[in-house]
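Its first residue numbered 1, the sequence shown is counted upward by one per residue in my numbering.
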Amino acid sequence: MKRLTLVCALLLCAHLNAQNNMKNTLHQFTVDALEGGNFDFASLKGKKVMVVNTASKCGLTPQYKELQALYEKYGSEKFVIVGFPANNFMRQEPGSNEEIAAFCSRNYGVTFPMMAKIDVKGDAIHPVYTFLTQKSENGVMDSKVTWNFQKYLINEEGIVERVISPRTSPDDPEIIAWITE
């Protein structure tokens, strides 16, 4: 009986340890996709991920074109871009999810995954962005979303590796090096 109890305790510890190892990764999240349905970040295990907050009426909006080109060139089994529209900076993303989807498709031919509009800062911050911006959640670093088109680079294990300035072009050599390393 003692052996059975010990085996059960060891299995429970192993299970809890596995859950804790999964806790602080991007892979723990399931979010609403822009055009409906759910998007499970666990499906991105083994891929590098760029998470970027977007806006349709921003001076940096032309980065959609660069993001799409980057996705077309490097997006495959090893890299993906995930966009999160947000209206947190000077109300530069006022549209509905349907309007945002039409805008991205019509103006930039966006084919990388886009999620439903969220808040990336403030009291209503989405849990994905709480994870990205708080060391207590991601285990790596604190950061602050400073503007539209800030880029978070996440490794294949779902761990935050870098934060890239909104003004840095998606095809910057630092980003290309990170994707291809």
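Every residue, glycine too, gets a C-beta built ideally from N, C-alpha and C.
Nearest neighbour of residue i, chosen from the options [CA to CA]
i: Ala86; options: Pro94, Phe79, Val80; result: Pro94
i: Val52; options: Ile164, Pro173, Thr25, Ser105; result: Ile164
i: Lys65; options: Leu153, Gly109, Ala42; result: Gly109
i: Ser143; options: Thr130, Leu67, Pro113, Ile179; result: Thr130
i: Leu67; options: Met50, Phe103, Leu26; result: Met50
i: Met115; options: Thr54, Asn138, Trp147, Ser43; result: Thr54
i: His27; options: Leu44, Glu35, Val145; result: Leu44
i: Cys58; options: Glu156, Ser76, Arg91; result: Arg91
i: Lys135; options: Glu156, Glu161, Asn155; result: Glu161
i: Ile81; options: Pro170, Thr133, Ala102; result: Pro170
i: Asn155; options: Trp147, Thr146, Thr168, Leu132; result: Leu132
i: Gly139; options: Lys151, Gly122, Thr146, Glu157; result: Glu157
i: Ala42; options: Val128, Thr168, Gly36; result: Val128
Exposure of residue i, with buried meaning 16 or more beta-carbon neighbours within 10 Å
i: Pro62; result: exposed
i: Pro113; result: buried
i: Gly46; result: exposed
i: Thr111; result: exposed
i: His15; result: Annotation note: pLDDT 46 at His15 (below 50); position unreliable, coordinate value reported separately. His15 should be labelled exposed.
i: Ser56; result: buried
i: Gly83; result: buried
Expected contact under 8 Å - CB spacing of residue i and residue j to nearest Å
i: Phe149; j: Pro173; result: About 18 Å separates the two Cβ atoms, so there is no contact after all.
i: Thr25; j: Ile159; result: 6 Å
i: Phe89; j: Ile179; result: Not really, about 26 Å apart at Cβ, beyond 8 Å.
i: Leu34; j: Ile118; result: That belief does not hold up - the Cβ atoms of Leu34 and Ile118 are roughly 11 Å apart, past 8 Å.
Discussion item. Ignoring anything shorter than 3 residues, give me the beta strand (DSSP E) runs that lie fully in the stretch 71-114, in order along the chain.
Written reply: Correct list: 79-85.
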